[in-house]
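Step one of this worksheet: look at the structure below.
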Amino acid sequence: IEGEHTSPFFVYLPYNTPHSPMQVPDRWWNKFKNKEIAQEHSKKKNEKIDHTRAALAMCENIDWNVGRLLSKLRELRLEKNTIVVYFSDNGPNGSRWNDGLRGRKGSTDEGGVRSPLVISWPGVIKAGTV
Numbered sequence: 001i002e003g004e005h006t007s008p009f010f011v012y013l014p015y016n017t018p019h020s021p022m023q024v025p026d027r028w029w030n031k032f033k034n035k036e037i038a039q040e041h042s043k044k045k046n047e048k049i050d051h052t053r054a055a056l057a058m059c060e061n062i063d064w065n066v067g068r069l070l071s072k073l074r075e076l077r078l079e080k081n082t083i084v085v086y087f088s089d090n091g092p093n094g095s096r097w098n099d100g101l102r103g104r105k106g107s108t109d110e111g112g113v114r115s116p117l118v119i120s121w122p123g124v125i126k127a128g129t130v
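Residue numbers (full-length UniProt numbering): 1 to 130.
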């Protein structure tokens, strides 16, 4: 990103997703390891709370790193000429909370396929557009 840019360029930046095996840097694990989980699966006995905590810590790590990327684009004055597409692959697996949606990962029901997609293109797509 910091190189010379005389023509458009493409960057694909995949992060370590919150999937097994759970590999969480200590910085993020320590933030979540003792947190109470307020939104739990309806079958609490099936939910592995530390696994959920690790997934949340991994999401926090991704969020922090996306922020670093966006800050770098601003610093290099590339933000207004850059399309950022942020998306996820599927709903939760196993016995994790999914806001009461039917289905899970691997299912064609909404709980298995609903996932976020956010596009940022300053000056072209108005912020907050749905």
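Every residue gets a Cβ at the ideal spot worked out from N, C-alpha and C, and that includes glycine.
Unbroken beta strand (DSSP E) runs of no fewer than 3 residues, entirely contained in the stretch 51-105, are found at 84-87, following chain order.
The beta carbons of Tyr-86 and Val-118 sit about 4 Å from each other, so the pair counts as a contact at 8 Å. Spatial neighbours of Lys-48 in its own chain (CB-CB distance under 6 Å, excluding positions within 5 residues in sequence) are not present. Taken through DSSP and simplified to helix, strand or coil, Ile-37 comes out as coil. Val-124 sits in coil when the DSSP states are folded into three classes, being neither helix nor strand. Ranked by Cα distance from Cys-59, the options Pro-116, Gly-3 and Asp-109 are led by Pro-116. Non-local C-beta neighbours of Pro-92 in its own chain, meaning closer than 7 Å and more than five positions away in sequence, comprise Asn-98, Arg-104 and Lys-105, ordered along the chain. Ile-62 is positioned such that its CB atom lies no closer than 8 Å to that of Thr-52. In this structure, Gly-112 keeps its C-beta atom at 8 Å or more from the C-beta atom of Asn-81.
Pairing Pro-21 with Trp-64, the inter-Cα distance amounts to about 21 Å.
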